[in-house]
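In terms of this note's numbering, the sequence shown is residues 16 to 95.
All C-beta atoms in this analysis are idealised placements derived from N, C-alpha and C, irrespective of residue type, glycine included.
Okay, so here's the structure we're looking at.
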Amino acid sequence: MHDGCAGSFENGKQVVDKVRMMGFAQQLMPMPLDIECHGCKETFTMEEFEGHCPKCDMVHGVTPCHAFDPNNIMAAGIGY
Numbered sequence: 016m017h018d019g020c021a022g023s024f025e026n027g028k029q030v031v032d033k034v035r036m037m038g039f040a041q042q043l044m045p046m047p048l049d050i051e052c053h054g055c056k057e058t059f060t061m062e063e064f065e066g067h068c069p070k071c072d073m074v075h076g077v078t079p080c081h082a083f084d085p086n087n088i089m090a091a092g093i094g095y
């Protein structure tokens, strides 16, 4: 089911599952965002709606509707 921009998520796994289900995981975000990894705290550039920290492989995700703000990016887990 598609909730548009009204969908809410309890955790990062739900966000990553959603972007994968919608086929957006490997699509480029409107603009890349520099984020701090929620695992190792290393800064990296997230360019797609699903991003992996190059240092610890923590998976991060954000929905297209919320990709304008790094505060909306959630961690799903290492290697998720």
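From what residue to what residue does the alpha helix (DSSP H) around residue i run?
i, result
"Val-31", "27 to 36"
What did DSSP end up calling residue i once you bin it into helix, strand or coil?
i, result
"Pro-79", "helix"
"Pro-69", "coil"
Measuring CB to CB, does residue i end up less than 8 Å from residue j?
i, j, result
"Val-77", "Gly-92", "no"
"Phe-59", "Pro-79", "no"
"Cys-55", "Lys-70", "yes"
Note down, in chain order, each residue of its chain lying with its Cβ closer than 8 Å to the Cβ of residue i, except the 5 sequence neighbours on either side.
i, result
"Lys-28", "Ala-91, Gly-92 and Tyr-95"
"Glu-62", "Leu-43, Met-44 and Pro-47"
Excluding the five sequence neighbours on either side, which residues of its own chain have a C-beta within less than 7 Å of the C-beta of residue i, listed in chain order?
i, result
"Gly-66", "His-75"
"Met-16", "With a pLDDT of 43 at Met-16, under the threshold of 50, the predicted position of this residue should be treated as unreliable, and no value is reported."
Spatial neighbours of residue i within its chain, please: CB distance less than 6 Å, with the 5 preceding and 5 following residues excluded, ordered by chain position.
i, result
"Val-87", "Per the sequence presented here, residue 87 reads as Asn, with Val not at that position. These residues qualify, in order along the chain: Val-77 and His-81."
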